[in-house]
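Numbering (the working numbering), first residue to last: 494 to 669.
In what follows, a structure is listed as structure tokens, so that the remarks can point back to it.
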Amino acid sequence: MKYIDIFIAFFIPGVVGYGGGPASIPLIQAEVVDRYKWLTIDEFGEILALANGLPGPIVTKMAGYIGYEVGGVFGSIIALFSSVAPSLIAMLVLLGLITKFKNSPVVKKLTNYIKPTIAILLGALTLQFFLQSLEGAGLFHTVILLIVSWICLEKFRVHPSLIIIGTLFYGLIFIS
């Protein structure tokens, strides 16, 4: 029964917590503090602070920790799965719909509208990174990294992950 409660405690916030982690946190609190009384409000606050300090999605970090505290390793696995299950189910349903209607003229038209939007968003993100690089590393280092990265990508077909690693080492040696 405890494992079913763990599943429910993290599945419900995943279903109704539209907006990701910040929207789900009060719902998780209502389940684990108010409904099941697994934690006090102070303990929940400490777990929230710890989860905020670590990289990655906050809900899965909290689910893993709370699930482990309540039900051990198996409880952690159940909590992690139930926290991502609503999104997984929605993605599978949407994938089924997209596959079913992939040849529909309406879906093709929507796809054509989405492509330029994604390009604009990626361009804005690139500009933001560039401006941050200018601010942090300066014009000289930014231009050097841009030129060398472009040459490695276009002329030598170096994998982007290797370029990222190289720029990290460059920054470690010359910028920090």
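Note that beta-carbon positions come from the ideal geometry of N, C-alpha and C, so glycine has one too.
Terminal residues of the alpha helix (DSSP H) in which residue i lies
{"i": "GLY664", "result": "Where GLY664 is concerned, there is no enclosing alpha helix (DSSP H), given that its DSSP letter is neither H nor E."}
{"i": "LYS648", "result": "Element bounds for LYS648: n/a, residue is neither H nor E."}
{"i": "GLU536", "result": "534-546"}
{"i": "VAL509", "result": "495-509"}
{"i": "PRO515", "result": "514-522"}
Cβ neighbour criterion (16 or more within 10 Å) applied to residue i
{"i": "ILE675", "result": "Nothing can be reported for residue 675: it is not among the residues displayed for the chain, which extend from 494 to 669."}
{"i": "PHE503", "result": "buried"}
{"i": "SER517", "result": "buried"}
{"i": "ALA612", "result": "exposed"}
{"i": "GLY514", "result": "buried"}
{"i": "LEU665", "result": "exposed"}
{"i": "ALA617", "result": "exposed"}
{"i": "TRP743", "result": "With the chain running from 494 to 669 in the structure shown, residue 743 is simply not present."}
{"i": "ALA542", "result": "exposed"}
{"i": "ILE640", "result": "exposed"}
{"i": "LEU620", "result": "exposed"}
{"i": "ILE521", "result": "buried"}
{"i": "ALA492", "result": "As shown, the chain starts at 494 and ends at 669. That puts residue 492 outside it, with no answer to give."}
Beta-carbon gap between residue i and residue j smaller than 8 Å
{"i": "PHE500", "j": "SER569", "result": "no"}
{"i": "GLY507", "j": "SER580", "result": "yes"}
{"i": "LEU638", "j": "TYR663", "result": "yes"}
{"i": "VAL586", "j": "PHE594", "result": "no"}
{"i": "ILE571", "j": "GLY560", "result": "yes"}
{"i": "ILE540", "j": "TYR558", "result": "yes"}
{"i": "THR533", "j": "VAL526", "result": "yes"}
Top-ranked residue by Cα proximity to residue i, from the options
{"i": "VAL577", "options": "MET494, MET555, TRP643", "result": "MET555"}
{"i": "GLY629", "options": "GLY514, PHE649, ILE668", "result": "ILE668"}
{"i": "ILE505", "options": "MET494, LYS495, ALA523, PRO515", "result": "ALA523"}
{"i": "THR604", "options": "GLY616, VAL651, ILE591", "result": "ILE591"}
{"i": "THR660", "options": "ALA583, THR635, SER597", "result": "THR635"}
{"i": "GLY564", "options": "ALA617, GLY549, ILE497, PHE622", "result": "ILE497"}
{"i": "GLU562", "options": "GLN625, ARG650, PHE537, PHE622", "result": "PHE537"}
{"i": "LYS495", "options": "LEU614, PRO519, PHE567", "result": "PHE567"}
Heavy atom of the ligand NAD within 7 Å of residue i beta-carbon
{"i": "LEU639", "result": "Although the ligand NAD was asked about, the structure shown includes no ligands whatsoever."}
Report the residue ranges of all beta strand (DSSP E) runs contained in full by the region 568-647; include only those spanning at least 3 residues, in chain order. Segments of the beta strand (DSSP E) lying fully in the region 568-647: there are none.
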